[in-house]
Amino acid sequence: MDYIPYGKQFIDKEDKKSVLNSLSNDLITTGPLVEKFEKELNKYLKCKYSYVCSSGTAAIHLAMLAIGLKKDDVILMPAVNFIASYNLAKIMQLKVFLVDVDEYTGQITPNKIIECIEKNKLIKISVLLTMYMGGFPENVQNLYTLRNKYKFLIIEDACHALGSKYLYKKKVFKIGSCKHADISTFSMHPLKTITSGEGGIITTNNLKIAKNIKLLIKKSIVPILYGVFSPPIHALIALLIAKFFNIQLGDTILLMVLAASASYIAVPAALKFSIPKANPSLYFGISLGITFPINILIGIPFYTWLAKFFVS
Ligand SMILES: Cc1ncc(COP(=O)(O)O)c(C=O)c1O
């Protein structure tokens with residue numbers, strides 16, 4: 004019996020050469036080639052922000068996290084779908100509603116979505132997750148109209164659809180341009196349009212979403228470090244200012260303590276920036292529980308000593 008492969012990738016000499024070249028780089032992940040690829044994607048898809056990640060599944064997960072979905076938020080998705088989206092929604096404890104698909108295209112339609120909303124008496128819908136079966140985007144224009152009517156966000160599971168185009172008011176757009184969706188996700192599994200072995204892409208035009216994705220992918224430690232070290236940084240800035248203006252010792256100490264206290268705002272703000280899906284009580288808990296006692300117990304004696312040392 005002939006063996007029919009599940010998928011077959013095309014890899015030529017050039018591809019092999021560039022893989023070998025990249026293996027001799029110091030950074031074989033998240034290095035300059037990744038950034039170059041992301042920039043190329045921005046140009047090709049005509050979107051503002053593209054990020055690559057480890058799989059299409061990871062891209063969908065990042066999309067859900069980046070828009071701040073939380074427990075019990077309502078998500079609609081096609082009943083005929085790849086299991087990843089459903090599993091992720093369940094892991095995130097979202098309320099999932101499966102929308103029936105059209106018998107010919109295998110995709111959701113505006114009417115089927117309205118049926119689902121009315122049948123389940125849904126009032127607030129957070130997200131519609133669309134899936135373009137076989138890479139053929141259906142109903143983009145009408146789904147976008149529904150987005151604006153019901154005020155949900157659209158995440159496109161475009162894992163099959165890298166390079167696909169659609170018509171919107173007689174103009175041609177690429178899937179992934181995010182002109183009529185909030186986030187698009189793609190897979191680079193060998194079965195898809197292009198492959199990197201395993202891999203995923205996530206695109207958006209929304210700066211806030213893009214920042215969240217970047218923080219989730221690149222694990223930026225800078226804001227966290229700033230959050231932790233902000234009291235002495237602020238106090239030192241105050242000391243320099245006091246020295247410059249020849250301010251007397253008592254006022255310098257007061258100024259340093261006040262400046263360090265600005266950390267009660269800086270720490271929550273820095274943490275909110277670096278951990279987008281954490282809740283505000285965590286930031287204030289950390290700020291009041293860590294920054295405040297450290298500032299009182301260690302900070303004030305330290306700032307007093309420092310000010311005495313520098314201000315004579
Ligand atoms: C529609 C759809 N979404 C998501 C995925 C998940 O992509 P990956 O295998 O890269 O995690 C697939 C993979 O086959 C898919 O077909």
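Numbering (this note's numbering), first residue to last: 4 to 315.
Beta carbons: idealized from backbone N, C-alpha and C, even for Gly.
Any idea which residues DSSP pairs S180 with across the strands?
DSSP, once it has assigned bridges, lists no residue as partnering S180.
Note the first and the last residue of the continuous beta strand (DSSP E) segment covering I128.
Note, I128: premise wrong, no beta strand (DSSP E); not H, not E.
Examine ligand 1 and report whether any of its heavy atoms sits within less than 6 Å of the Cβ of G59.
Because some heavy atom of ligand 1 lies under 6 Å away, the Cβ of G59 counts as near it: yes.
Using 8 Å as the threshold, is the stretch 97 to 110 in touch with the stretch 75 to 86, meaning 3 or more CB pairs across them?
yes
Cβ neighbour criterion (16 or more within 10 Å) applied to M4
exposed
What is the DSSP secondary structure of E201, counted as helix, strand or coil?
coil
Contained beta strand (DSSP E) runs [length at least 3] in the stretch 114 to 160, N- to C-terminal order
130 to 134, 156 to 160
Proximity of Q96 and K127 at Cβ, strictly below 7 Å
In this structure, Q96 lies away from K127, with their beta-carbon atoms at least 7 Å apart.
Touch check for the stretch 128 to 136 and the stretch 151 to 160: three-plus C-beta pairs under 8 Å?
They touch, by the three-pair rule.
Would you identify the three-state DSSP class for L170, choosing helix, strand or coil?
strand
What separation, rounded to the nearest whole angstrom, lies between the Cα atoms of V22 and P35?
If I take the Cα positions, the gap works out to 14 Å.
Within its chain, find whatever has a CB closer than 6 Å to the CB of S199; leave out the 5 residues flanking it on each side and keep chain order.
M191
Looking at ligand 1, does it come within less than 6 Å of S187, judged from the CB to the closest heavy atom?
no
On the criterion of 16 or more Cβ atoms from any shown chain inside 10 Å, does Y171 qualify as buried, or is it exposed?
Counting C-beta atoms within 10 angstroms of its own C-beta, Y171 has fewer than 16 neighbours from the protein chains shown and is therefore classed as exposed.
Regarding C162 and ligand 1, is the C-beta to nearest heavy atom distance less than 6 Å?
yes
M259, enclosing alpha helix (DSSP H) - first and last residue
252 to 264 is the span of the alpha helix (DSSP H), which, as asked, contains M259.
Check this for me: beta carbons of S88 and I70, under 7 Å apart or not?
7 Å or more divides the Cβ of S88 from the Cβ of I70.
So is the beta-carbon of A82 under 6 Å away from any non-hydrogen atom of ligand 1?
no
C-beta atoms of C50 and C162 nearer than 7 Å:
no
Cβ-based burial, T294 [other Cβ within 10 Å; buried from 16]
buried
On the CB-based measure, 16 or more other CB atoms within 10 Å of its CB, does D18 come out buried or exposed?
exposed
Closest to V231 by C-alpha separation, out of T207, V270, A241, would be which residue?
V270
Can you give, in chain order, each stretch of the beta strand (DSSP E) that sits fully within the stretch 4 to 77 and has at least 3 residues?
Counting only runs of 3 or more, we get 52 to 56.
Would you mind working out which of L30, S58, A245, I256 sits nearest I204, comparing C-alpha positions?
S58
Coil, strand or helix - I186 by DSSP:
strand
Euclidean distance between Cα positions of P235 and L291
16 Å
Heavy atom of ligand 1 less than 6 Å from the Cβ of S190, yes or no?
yes
Smallest Cα separation from G179: which of K11, K39, N28, L44?
The residue with the shortest Cα to Cα distance from G179 is L44.
Following a CB-centred definition, is A87 positioned closer than 6 Å to any heavy atom of ligand 1?
yes
Leaving out five residues on either side along the sequence, give the residues of the same chain with a beta carbon under 8 Å from the beta carbon of E201.
Result list for E201: S57, S58, M191, H192, in chain order.
Please determine whether the Cβ atom of M134 lies at a distance below 6 Å from any heavy atom of ligand 2.
Among the ligands in the structure shown, ligand 2 does not appear; only ligand 1 can be found there.
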